[in-house]
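Chemist: Residues in the first sequence are numbered from 12 upward in steps of one, following my numbering.
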Amino acid sequence: MQVITYNIRRQTVRINVVETVMDLWGFIDFVEANPVMGFDTETTGLDYWNSDRGFRIRLAQFGNAVESWVLPAELGPEFREAAAWALRKAHRIIAHNGTFDQNVAEWCLGVPLEETGPKMLCTKITAHLVDPRQVKERGPGLKLEELTKFYISQELAEEVKGSMARIAKRYKVKKDDIWPVVRLFDREYLLYAGMDPILAYRLFHILYPLIPLRSKRKGLFSWEHRTAYITAKMVRPGYLLDAEYTAARIAELKAEQQHWEAEAVKYGVENVNSDKQLIEAFTGFGVKLTKKTAKGNLSMDAEVLDSIDHPLAEAVKKATKAGKWRKTWFEAAFNGQDSQGRVRASINSLQARTARMSITGSIPAQTFPAGDGYVRHCFLADEGHVSVSIDFGNMELRVMAAASGDPIMLEAFRRNEDLHNLTAIAAFGPMPEGAEKHPMRKAGKGTNFTVCFGGGAGAVSSQWGIAEDDAKTAVKAFWDTYKGVKAFSEKLQKEARRYGGIYTATGRWLPVDRERAYAALNYYIQSSARDITVRALIELDKAGFTPWMRLVIHDEIIFSFPKERSAELTEQAARIMEFVFKGLLIPADGEIGMQSWGSVLELEESKH
DNA sequence: TAGAGAGGCACC
DNA sequence: AAACGGTGCCTCTCTA
12 MQVITYNIRR
22 QTVRINVVET
32 VMDLWGFIDF
42 VEANPVMGFD
52 TETTGLDYWN
62 SDRGFRIRLA
72 QFGNAVESWV
82 LPAELGPEFR
92 EAAAWALRKA
102 HRIIAHNGTF
112 DQNVAEWCLG
122 VPLEETGPKM
132 LCTKITAHLV
142 DPRQVKERGP
152 GLKLEELTKF
162 YISQELAEEV
172 KGSMARIAKR
182 YKVKKDDIWP
192 VVRLFDREYL
202 LYAGMDPILA
212 YRLFHILYPL
222 IPLRSKRKGL
232 FSWEHRTAYI
242 TAKMVRPGYL
252 LDAEYTAARI
262 AELKAEQQHW
272 EAEAVKYGVE
282 NVNSDKQLIE
292 AFTGFGVKLT
302 KKTAKGNLSM
312 DAEVLDSIDH
322 PLAEAVKKAT
332 KAGKWRKTWF
342 EAAFNGQDSQ
352 GRVRASINSL
362 QARTARMSIT
372 GSIPAQTFPA
382 GDGYVRHCFL
392 ADEGHVSVSI
402 DFGNMELRVM
412 AAASGDPIML
422 EAFRRNEDLH
432 NLTAIAAFGP
442 MPEGAEKHPM
452 RKAGKGTNFT
462 VCFGGGAGAV
472 SSQWGIAEDD
482 AKTAVKAFWD
492 TYKGVKAFSE
502 KLQKEARRYG
512 GIYTATGRWL
522 PVDRERAYAA
532 LNYYIQSSAR
542 DITVRALIEL
552 DKAGFTPWMR
562 LVIHDEIIFS
572 FPKERSAELT
582 EQAARIMEFV
592 FKGLLIPADG
602 EIGMQSWGSV
612 LELEESKH
């Protein structure tokens, strides 16, 4: 056995490195004496689903505030079994971003999510409930190193953060490539690995008492852990990839990209992604560029390119788009396939400042182009299943109406009136005789959404293509008409300025920058909408729907349902999702497709 | 050669 | 009085 000691603020911590089976006796004693343990794993990468072709666990680490045990899981089944035993024996497991380590435990140690999920205490979730702000938002951050720096010790954080970079340098490999090649008993690596469960353990005990009482009373802590457990179970089966379709789109986009790049070369542009080259080229052709970026440089975005009447502009738009779409969606999915031809998203169930989820990895579903199934066709429901999408209707505007209690908005929703028309009427007068919709409905719609996002007339005008005067009229009419929303927004802003943040109905603390207090309304709405979706997930989980759930995208949940039961299950799920928020129904509506997710949109399209 | 910042763009 | 909120990812460019 190897023992490494280290000092955290003059307190010595001990890292015990198991080298032989005999060393496990000490580990067993430790586990029996510590029903609550910090836990972490070191692996060869992040692709835990590739455990049958290269991915492997290297170390499994357990610890408390002053001592940790590092098991060389890679060396043999006896060490992996000891780790699995410890996970089963523990009453509680503390880990940073525990979902990842749970997945590793399931795929490499044979301990399923069902055993680790219910006893996980995640420091990332705990930290988020204390303060959800990232470092760039002047918050503590959510990464282990960032939290260590903020809550424990700056020196220690820098030491730990820098250590893997130093090791990579020593092995002469890139930082990302160090994980599979670093020698298992490399002392610096063991120190890095052995400190993690100690830090997680300590952080949890520091952070938990800092969770606002209001959040605790509402049960938010266990609610979020349950949510993380559900999303982990959703991700587990993965999505069957239509590899043929995906490969065809990759080839097509590649050809398109090359064609337009060749066109651009004719006008002297070697790299269509280089704004520098484009500005030079267009200036050379006598084009006057005026639009500036946020930092004051000349802008070369889609709006600018659209305004330039030159074949190069067309070529640049088409080439860059083909390249970006190919890489971001089709190649990400294709390259993410496991040995069974399935792909997985990575769902961070509690991510944004407003608690919104984020989806990364092979299925970045939150950014798939809307409107048709071009990208979504890649993803197939299981054999004999169909894809189903159930989404909430007008979720954020309904939340705005309900949270503010604005009588006019509430009445409009209760009568199923068109809120965008209503705003247009308020601003520009009654509907013309016999018209189905107001001629200024777009201005009304733009105003409704923009105000919801915290914007003003300028934003309505630039984002929705509304004349400035009309935008001003519409925004003024909005605040004059929906006085309840105005009062609610003012109340939140006052609270934000006074306390530096607001609480939502679920007891969640949302910090608001005092100089941007106007954002409080949007934070409240966005966060509440997210929590209503999460409530739906939890209720669906209780009702046994989890094995059919695949993705959650803001106000929408995607399912793979057995074909012959799809109508019945869709109806049931939609009724479970629906929720009366402060007296107003947030309705849910399902669309049943064929096998591919994309087909849901095509069928919907053909109805209109 | 990596990392950070900036710009851009896909979505809700 | 007015104030556009939140993500992820790709690419280029400059710096250390």
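Ideal Cβ placement from N, Cα and C applies to all residues, glycine included.
Does DSSP put lysine 335 in a helix, a strand or coil?
Modeler: Three-state DSSP puts lysine 335 in a helix.
Chemist: Can you list, in chain order, the residues of its chain with a C-beta nearer than 8 angstroms to that of isoleucine 564? Leave out the 5 residues immediately preceding and following it.
Modeler: For isoleucine 564, where only same-chain residues beyond five positions count, the Cβ hits under 8 angstroms are Ile370, Ala376 and Gln377.
Chemist: What are the complete alpha helix (DSSP H) segments, minimum 4 residues, inside the segment 97-127?
Modeler: Qualifying alpha helix (DSSP H) stretches, in chain order: 109-120 and 124-127.
Chemist: By DSSP, does aspartate 51 sit in helix, in strand, or in coil?
Modeler: Reduced to three states, the DSSP call for aspartate 51 is strand.
Chemist: Go ahead and pull the three-state DSSP assignment for isoleucine 513.
Modeler: Three-state result, isoleucine 513: strand.
Chemist: Taking all protein chains shown into account, do 16 or more other C-beta atoms lie within 10 angstroms of the C-beta of serine 350, making it buried, or fewer, making it exposed?
Modeler: Flag for serine 350 reads exposed.
Chemist: Do aspartate 542 and threonine 581 count as a contact pair if the criterion is CB distance below 8 angstroms?
Modeler: The answer is no: Cβ separation not under 8 angstroms.
Chemist: Could you give the distance in angstroms between the alpha-carbon of serine 472 and the alpha-carbon of leucine 316?
Modeler: Near 20 angstroms, if we compare the C-alpha coordinates of leucine 316 and serine 472.
Chemist: Return helix, strand or coil for asparagine 308, following the three-state DSSP convention.
Modeler: In this structure, asparagine 308 counts as coil in the three-state DSSP scheme.
Chemist: Can the beta-carbon of alanine 584 be found closer than 8 angstroms to that of glycine 601?
Modeler: Yes; because the gap between Cβ atoms is below 8 angstroms, this pair is in contact.
Chemist: Taking 8 angstroms as the threshold, find out whether the segment 254-267 comes into contact with the segment 293-308 through three or more Cβ pairs.
Modeler: No, the segment 254-267 does not touch the segment 293-308.
Chemist: According to DSSP, simplified to helix, strand and coil, what is threonine 31?
Modeler: In this structure, threonine 31 counts as coil in the three-state DSSP scheme.
Chemist: Kindly list the residues whose CB is nearer than 7 angstroms to the CB of alanine 292, restricted to its own chain and excluding five residues on each side of it in sequence; keep chain order.
Modeler: Correct list, in chain order: Tyr278, Gly279, Val280 and Leu323.
Chemist: Is leucine 316 helix, strand or coil when you go by DSSP?
Modeler: Three-state DSSP puts leucine 316 in a helix.
Chemist: Taking the straight line between their C-alpha atoms, what separation do you get for serine 357 and glycine 372?
Modeler: For serine 357 and glycine 372, the distance between alpha carbons rounds to 6 angstroms.
Chemist: Beta-carbon separation of glycine 49 and phenylalanine 73 under 8 angstroms?
Modeler: A contact, by the Cβ cut-off of 8 angstroms.
Chemist: Go ahead and pull the three-state DSSP assignment for aspartate 58.
Modeler: It is coil, neither helix nor strand.
Chemist: Does the segment 450-464 come close enough to the segment 385-403 to have 3 or more Cβ pairs within less than 8 angstroms?
Modeler: Because the criterion of three Cβ pairs below 8 angstroms is not met, the segment 450-464 and the segment 385-403 do not touch.
Chemist: Residues in its own chain within less than 8 angstroms of histidine 619 by CB, not counting five upstream and five downstream?
Modeler: Here histidine 619 scores only 48 on pLDDT, less than 50, and its place in the model should not be relied on; the value that follows carries that caveat. Excluding residues within five positions, none has a Cβ falling inside 8 angstroms.
Chemist: Could you check how far apart the C-beta atoms of valine 246 and arginine 355 are, in whole angstroms? I think they sit under 8 angstroms.
Modeler: Right, their Cβ atoms sit about 5 angstroms apart.
Chemist: In the structure shown, what three-state DSSP assignment does isoleucine 549 receive?
Modeler: Helix at isoleucine 549.
Chemist: I need the boundaries of the beta strand (DSSP E) containing tyrosine 17, first residue and last residue.
Modeler: It spans 13-19 - the beta strand (DSSP E) in which tyrosine 17 sits, taken as one unbroken run.
Chemist: Kindly indicate which three-state DSSP category histidine 619 falls into: helix, strand or coil?
Modeler: The predicted model places histidine 619 with a pLDDT of 48, which falls under 50 and marks its position as unreliable, so this point remains unresolved.
Chemist: Could you give the DSSP three-state label for tryptophan 190: helix, strand or coil?
Modeler: If DSSP states are grouped into helix, strand and coil, tryptophan 190 belongs with coil.
Chemist: Looking at C-alpha atoms only, which residue of Gly469, Lys494 and Ala485 is the closest neighbour of proline 8?
Modeler: Since the displayed the chain opens at 12 and closes at 619, residue 8 lies outside it and no answer follows.
Chemist: Between valine 386 and the rest of its own chain, which residues show a CB-CB distance below 7 angstroms, the 5 nearest in sequence each way excluded?
Modeler: Here the set comprises Trp340, Phe379 and Pro380.
Chemist: Tell me which residue opens and which closes the beta strand (DSSP E) that asparagine 359 is part of.
Modeler: Asparagine 359 -> beta strand (DSSP E) spans 356-359.
Chemist: Which of the three DSSP states, helix, strand or coil, is assigned to histidine 388?
Modeler: Three-state DSSP puts histidine 388 in a helix.
Chemist: Entirely within the segment 68-100 and at least 4 residues each: give me those alpha helix (DSSP H) ranges in chain order.
Modeler: Listed in chain order, they are 88-100.
Chemist: Along the chain, where does the alpha helix (DSSP H) that runs through threonine 238 open and close?
Modeler: Residues 231-246.
Chemist: Contact defined as beta carbons within less than 8 angstroms: I believe leucine 202 pairs with tyrosine 17. What is the distance between those atoms, to the nearest angstrom?
Modeler: At roughly 6 angstroms, the Cβ-Cβ gap stays under 8 angstroms, so leucine 202 and tyrosine 17 are in contact.
Chemist: Quick test of your reading: leucine 361 and isoleucine 136, contact by CB under 8 angstroms. State the CB separation rounded to the nearest angstrom.
Modeler: Indeed, because the Cβ distance is near 6 angstroms, the residues count as touching under 8 angstroms.
Chemist: Can you tell which of Gln348, Glu428, Ala531 and Val591 has the C-alpha that lies nearest to the C-alpha of arginine 64?
Modeler: The option with the nearest alpha carbon to arginine 64 is Gln348.
Chemist: Compute the beta-carbon to beta-carbon distance between histidine 396 and phenylalanine 572, rounded to the nearest angstrom, for a pair I have assumed lies under 8 angstroms.
Modeler: The Cβ separation is near 6 angstroms, so the contact holds.
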